[in-house]
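Novice: Residue numbers (our numbering): 7 to 173. From the three backbone atoms N, C-alpha and C, an ideal C-beta is built for every residue, glycine too.
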Amino acid sequence: MIQRDGLLRLLEQQDVPFEYECHDRVLNMAESGALKLSLEGARCKNLLLQDKHGGLYLVVTTAHKSLDLSAVAKTLNSKRLSFASADRLFDQLGVLPGSLSPLALVNDHAHNIRLVIDNDLAHEPVFLFHPLDSAATIALSRRNLDDFLERIGHAPSWHALEARQAA
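Given below as structure tokens:
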């Protein structure tokens, strides 16, 4: 499977413009949000979800949104979504928890994972993602992200994804 350096080379070979910054390794959104980056763009929460039949979804939403998984399942015409295990994440995409992003789909050669992006991100011109390693961040324009995802056969579907109601 491709790792960080291989992904960066692939982006360069495909003439995909990006900015890149190394930093301390982060494991979750709280740690990521505390990073002082020189890069500007939307920080995103990336979740690998599975349905009761084993179908996989890489769901991308805003950094501070907690999704209502029941509502998301209905939106996706699926049933009972839950978080995929760290082992499944690694087996399918070759990344560890904290390193997931749409860029990891470069390792989904069998196209087993459906990419879903929250409409709340539709207005964002630039996205910040980990390039298969949570010790670095990459900035990609929306257009360049879309072009890259199309080239690897993982064009996203955009949906209005409901937030979980506060208790």
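1. For Glu168, I'd like the list of residues in its chain whose CB is within less than 6 Å of its CB, leaving aside the five on either flank, ordered along the chain.
2. Quick one: grab the DSSP three-state call for Lys58.
3. By how many angstroms is the C-alpha of Ala141 removed from the C-alpha of Val22?
4. Over the uninterrupted alpha helix (DSSP H) stretch that includes Ser38, give me the two end residues.
5. Tell me the DSSP secondary structure of Leu17 in three-state form.
6. Could you check whether Phe133 and Arg148 sit closer than 8 Å to each other, using their CB atoms as the reference points?
7. Taking only the alpha-carbon atoms, compute the straight-line gap between Asn125 and Gln19 and give it to the nearest angstrom.
8. Any idea which residues DSSP pairs Ile123 with across the strands?
9. Give the C-beta separation of Pro162 and Val122 to the nearest angstrom, bearing in mind that I take them to be a contact with Cβ-Cβ under 8 Å.
10. Taking DSSP's pairing of strands, which residues face Asn6 in a bridge?
Specialist: Taking the geometry as given:
1. Asp74, Ala77
2. coil
3. 21 Å
4. 35-40
5. helix
6. yes
7. 30 Å
8. Val66, Trp164
9. 7 Å
10. The chain is shown only over 7 to 173; residue 6 falls outside these bounds and no answer can be derived.
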